[in-house]
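Take a look at the structure set out below.
Protein chains: 2
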Amino acid sequence: MPTYAEMGRDELTALKDELEREYGEIKAKGLSLNMARGKPGADQLDLSMPMLTAVTTAEDCRAEDGTDCRNYGVLDGLPEAKRFMAAMVEEEPENIIIGGNSSLTLMYDAVARCLDFGTLGSKPWCQYENIKWLCPVPGYDRHFGITEAFGIEMIPVPMTADGPDMDEVERLVANDASIKGIWCVPKYSNPGGVTYSDEVVERLASMTCAADDFRIFWDNAYCVHHLYDDAAEQDQLKDIGAACRAAGNPNRYFKFASTSKVTHPGAGISAIAASADNIAEIKKRMGVGTIGYDKLNQLRHVKFLRDAEGLAAHMAKHAAILRPKFELVVSKLDEGLAEVGGCSWSHPRGGYFVSFDAPEGTAKRIVGLAKEAGVTMTGAGATWPYKNDPQNSNIRIAPTLPPLDELDAAMDVFVCCVKLACVEQLLA
Amino acid sequence: MPTYAEMGRDELTALKDELEREYGEIKAKGLSLNMARGKPGADQLDLSMPMLTAVTTAEDCRAEDGTDCRNYGVLDGLPEAKRFMAAMVEEEPENIIIGGNSSLTLMYDAVARCLDFGTLGSKPWCQYENIKWLCPVPGYDRHFGITEAFGIEMIPVPMTADGPDMDEVERLVANDASIKGIWCVPKYSNPGGVTYSDEVVERLASMTCAADDFRIFWDNAYCVHHLYDDAAEQDQLKDIGAACRAAGNPNRYFKFASTSKVTHPGAGISAIAASADNIAEIKKRMGVGTIGYDKLNQLRHVKFLRDAEGLAAHMAKHAAILRPKFELVVSKLDEGLAEVGGCSWSHPRGGYFVSFDAPEGTAKRIVGLAKEAGVTMTGAGATWPYKNDPQNSNIRIAPTLPPLDELDAAMDVFVCCVKLACVEQLLA
Numbered sequence: 001m002p003t004y005a006e007m008g009r010d011e012l013t014a015l016k017d018e019l020e021r022e023y024g025e026i027k028a029k030g031l032s033l034n035m036a037r038g039k040p041g042a043d044q045l046d047l048s049m050p051m052l053t054a055v056t057t058a059e060d061c062r063a064e065d066g067t068d069c070r071n072y073g074v075l076d077g078l079p080e081a082k083r084f085m086a087a088m089v090e091e092e093p094e095n096i097i098i099g100g101n102s103s104l105t106l107m108y109d110a111v112a113r114c115l116d117f118g119t120l121g122s123k124p125w126c127q128y129e130n131i132k133w134l135c136p137v138p139g140y141d142r143h144f145g146i147t148e149a150f151g152i153e154m155i156p157v158p159m160t161a162d163g164p165d166m167d168e169v170e171r172l173v174a175n176d177a178s179i180k181g182i183w184c185v186p187k188y189s190n191p192g193g194v195t196y197s198d199e200v201v202e203r204l205a206s207m208t209c210a211a212d213d214f215r216i217f218w219d220n221a222y223c224v225h226h227l228y229d230d231a232a233e234q235d236q237l238k239d240i241g242a243a244c245r246a247a248g249n250p251n252r253y254f255k256f257a258s259t260s261k262v263t264h265p266g267a268g269i270s271a272i273a274a275s276a277d278n279i280a281e282i283k284k285r286m287g288v289g290t291i292g293y294d295k296l297n298q299l300r301h302v303k304f305l306r307d308a309e310g311l312a313a314h315m316a317k318h319a320a321i322l323r324p325k326f327e328l329v330v331s332k333l334d335e336g337l338a339e340v341g342g343c344s345w346s347h348p349r350g351g352y353f354v355s356f357d358a359p360e361g362t363a364k365r366i367v368g369l370a371k372e373a374g375v376t377m378t379g380a381g382a383t384w385p386y387k388n389d390p391q392n393s394n395i396r397i398a399p400t401l402p403p404l405d406e407l408d409a410a411m412d413v414f415v416c417c418v419k420l421a422c423v424e425q426l427l428a
Numbered sequence: 429m430p431t432y433a434e435m436g437r438d439e440l441t442a443l444k445d446e447l448e449r450e451y452g453e454i455k456a457k458g459l460s461l462n463m464a465r466g467k468p469g470a471d472q473l474d475l476s477m478p479m480l481t482a483v484t485t486a487e488d489c490r491a492e493d494g495t496d497c498r499n500y501g502v503l504d505g506l507p508e509a510k511r512f513m514a515a516m517v518e519e520e521p522e523n524i525i526i527g528g529n530s531s532l533t534l535m536y537d538a539v540a541r542c543l544d545f546g547t548l549g550s551k552p553w554c555q556y557e558n559i560k561w562l563c564p565v566p567g568y569d570r571h572f573g574i575t576e577a578f579g580i581e582m583i584p585v586p587m588t589a590d591g592p593d594m595d596e597v598e599r600l601v602a603n604d605a606s607i608k609g610i611w612c613v614p615k616y617s618n619p620g621g622v623t624y625s626d627e628v629v630e631r632l633a634s635m636t637c638a639a640d641d642f643r644i645f646w647d648n649a650y651c652v653h654h655l656y657d658d659a660a661e662q663d664q665l666k667d668i669g670a671a672c673r674a675a676g677n678p679n680r681y682f683k684f685a686s687t688s689k690v691t692h693p694g695a696g697i698s699a700i701a702a703s704a705d706n707i708a709e710i711k712k713r714m715g716v717g718t719i720g721y722d723k724l725n726q727l728r729h730v731k732f733l734r735d736a737e738g739l740a741a742h743m744a745k746h747a748a749i750l751r752p753k754f755e756l757v758v759s760k761l762d763e764g765l766a767e768v769g770g771c772s773w774s775h776p777r778g779g780y781f782v783s784f785d786a787p788e789g790t791a792k793r794i795v796g797l798a799k800e801a802g803v804t805m806t807g808a809g810a811t812w813p814y815k816n817d818p819q820n821s822n823i824r825i826a827p828t829l830p831p832l833d834e835l836d837a838a839m840d841v842f843v844c845c846v847k848l849a850c851v852e853q854l855l856a
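Those protein sequence lines, which keep their order, are chains A and B.
At position 140 of the first sequence the residue is numbered 140 (my numbering), and the sequence of numbers has no breaks.
At position 228 of the second sequence the residue is numbered 656 (my numbering), and the sequence of numbers has no breaks.
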């Protein structure tokens, strides 16, 4: 079967008529489906209901060290919560601070602290005329939102199958002291599903940075979010902390993780992990703005999930729900779009997204067509800094929220929209 | 009976011997008592235990508008949570944002936002060479900690029985555009127990400020924290929002409140309230750093406390526990120190503190003596910016945490320490 690009004009015109009829029929259904955000589905949320009854008596409210968690105190988190989150962030518990329900807030606050105060004695970043940030693309729109809000100039760096293009990263950071950081989702990346290779992790840890206070913002949002139970089908990520220490740059990284997609996104706990020096500074500054985060919720999490083993068993339940959704998305794309040509998509083994690359110049049209047909996608361009995808090509597919039957319907709409947009472009 | 200042040297020397003997006996007891921080006692925390079972089923997790509160979303808080907190902050629900477990964080973030971005179009405060802040004294050490951390120059303003010395406040803000804000605990103030008079509220709202973007940080931490149930014995505070609107300065104030001393300090909810323009700007900037605060905890609060009536009934239970403690403190001071002379103390009708003014130059010695005898007080000087009480006179007494018998013992120690320090000073 020829791809669209190999078809003649008449053939394409006939195809367009057929696709428009198909699209019209879809529109007439008045669908209202959503594949825009990485939200767990209701059945996933149900998995954590026992957590809500894990702390109900005054005795339950005691931490292992006797702290009454109902009262004020404990800036950096309960010992058992730090120990538990160590399973996610791979750091010694003493180098972990437990936050509130949002690791995004921990990241925002970390950037803000560096801007206002510098870090470990460096000049406050706000005192520079201009500072810059590396943004592997496609990437996470809320990361880019933070750096944009603070007026930090964002430099896109291409993602490869192994992580960011390290030749490019090394070249940039070696020569420009105004580059202060990089956003990384190192495992099952958002949206590409890429896990950084050991070599990429080592090069990030050891590269020469013109800025002494360069920081890797290591958002390990999907650290335990495998789609497959068999270890051979799970991605492994080298620990950035160990790599930075080995390279003699122990303070270069801030790690972030949360239970947002483990328990309840609206009511999870989060963590920041870093070197002892970094953690000491963060605690000092953080203590100005809070007496401590919600300890009862920390207790709920530890009592419910217990430890690394309990966490893994719980995540396997999520995987059982998510696996069919991801497999459906990929098979719909494989089956529906092979003939189109010029499209590509990820085949992730974990995380929350499928990344789709349409022929250059068609992404906005595809998302617009889908919207008009009742299927909300993440906005085209959202995976790039300033929402500006210069190729107008990348679309993030978020298959987790809709039930399987809705996802099926939504993917049929999406496939039809891709085809139509591609034909339109070839005929234009 | 003569006051100490009226005694002769021999009489004082004999008194000193007697007090030192008494102090030695106290020390020998090896006490470990704490009147340092405004923490609720365990019996107060027990009052809110039903809250921890208020949200346990998937059905419980639905907000009144159908939102599944387990999932992401709702930046500014649930409608029912805003309506509930309106009872505390006296603002229309649409002009309220619900925060996490700390109103201190909302204040820190509000200062940080003004520094980084300005407010309603004004120049970012960090771009000034120097900015200043008015700090009614004695005041709350954590407020002063925020402005100090950001390098904002703090100007102490004396508190009167009606609130801050408004002649001084008006004089300062009228002539100095670098004064950008004022910390206020307007009801049952920390630590003085003062409630601002209507006139003070009106003058704050209507005064001429050289800085267009001057902001009143209105930390109404004790808005519903009466010690007495009879309305005639409860302080009434004029609404700063209404006063600012009436004066044509609708954007001048940020109100803060929380349930920290209503339910569980470690796991409460907080709120910021302000004009529609301020709230719109805060939401825009806040949304960069979070997708929304813990909605399940918002639901727990609303289901448990329900409304203004439920809140008042609940606070009456707190008052029943706290009233005897405050009455004990005041009666110990009244009985123990009348003869000393030169000391004064507040007789609060609400809030969390008794403010004690020792003879000039003795506060640090008193707190040191108490510490040595096993009674931890708030550090002398803590109620002033930079921990610098130029009179070395003010001591904050926090009577809420210790059980009544411990408080009784701690106050005996305190009274003995005050007497001894006063005699020492007269003999020095």
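Here a beta-carbon is modelled for each residue, glycine too, at the ideal position from N, C-alpha and C.
By alpha-carbon distance to E630 (chain B), the top candidate from B:A660, B:Y650, B:A671, B:A649 is B:A671.
A205 (chain A) places its beta carbon 8 Å or farther from that of V173 (chain A). Taken through DSSP and simplified to helix, strand or coil, K745 (chain B) comes out as helix.
Residues I146 of the same chain have their beta carbon placed closer than 6 Å to that of Y108 (chain A), with the five preceding and five following residues left out of the count.
Bridge pairing for T588 (chain B): B:G591 [DSSP].
Going by C-alpha positions, L311 (chain A) is about 48 Å away from R21 (chain A). Note: P136 (chain A) is bridge-paired with A:V157 in the DSSP secondary-structure output. In the three-state DSSP reduction, H654 (chain B) falls in the strand class (E or B). Under the DSSP assignment, L461 (chain B) falls in the beta strand (DSSP E) whose first and last residues are 461-463. Boundaries of the beta strand (DSSP E) around G99 (chain A): 96-99. Every alpha helix (DSSP H) of 4 residues or more that sits fully in the region 4-43 of chain A is shown, in chain order, as 9-28. Within the same chain, K560, A638 come within 7 Å of D604 (chain B) by CB-CB distance, once the 5 residues on both sides are set aside. Within the region 17-47 of chain A, contact with chain B at the beta-carbon level (separation under 8 Å) is assigned to R37, K39, P40, A42, L45, D46.
Going by DSSP, V354 (chain A) is part of the beta strand (DSSP E) stretching over 354-357. Under the Cβ distance rule, M154 (chain A) does not count among the residues neighbouring chain B, no pair being separated by less than 8 Å. With its beta carbon at least 8 Å from every one in chain B, M315 (chain A) lies outside the interface.
Using a C-beta cut-off of 8 Å, the region 727-734 of chain B makes contact with the region 475-490 of chain B, since at least three inter-stretch Cβ pairs fall below that distance. In this model, M315 (chain A) and I321 (chain A) are separated by some 10 Å (Cα to Cα). Rounded to whole angstroms, G66 (chain A) and V757 (chain B) show a C-alpha spacing of 28 Å. In the three-state reduction of the DSSP assignment, W345 (chain A) falls in the strand class, which pools E and B.
Taken in chain order, the complete alpha helix (DSSP H) segments of 4 or more residues contained in the region 62-149 of chain A are 79-89, 103-117, 141-149.
The criterion of a C-beta distance shorter than 8 Å is not satisfied by S355 (chain A) and G163 (chain A). Between L134 (chain A) and G374 (chain A), the C-beta gap is not smaller than 8 Å, which leaves the two residues out of contact. Going by DSSP, F732 (chain B) is part of the alpha helix (DSSP H) stretching over 723-733.
A:V74 is the residue among A:A63, A:V74, A:N392, A:P324 whose C-alpha sits nearest the C-alpha of K284 (chain A).
Among the residues of the region 312-336 of chain A, none has a Cβ less than 8 Å away from any Cβ of chain B. Interface residue (Cβ-Cβ distance to chain A less than 8 Å): I574 (chain B) is classified as such. For the set B:C771, B:F781, B:D735, the Cα lying nearest the Cα of T431 (chain B) is the one of B:C771.
Taken atom to atom, the span from the alpha-carbon of S197 (chain A) to that of I240 (chain A) is near 11 Å. Apart from the 5 residues on each side of it in sequence, S688 (chain B) sits with its Cβ closer than 6 Å to the Cβ of G696 in its chain, given in chain order. At least one beta carbon of chain A lies nearer than 8 Å to the beta carbon of V716 (chain B). By a beta-carbon distance limit of 8 Å, L104 (chain A) contacts T718 (chain B). Their separation comes to about 6 Å. Against T105 (chain A), the close residues of chain B are G717, T718, in the order they occur along the chain (beta-carbon pairs closer than 8 Å). Closest in alpha carbon position to T547 (chain B), among B:H692, B:M594, B:Y681, is B:Y681.
Comparing alpha-carbon positions, the option among A:H347, A:A280, A:C126, A:G341 lying closest to A161 (chain A) turns out to be A:H347.
I395 (chain A) and A428 (chain A) do not touch by the CB rule: their CB atoms are close to 19 Å apart, not below 8 Å.
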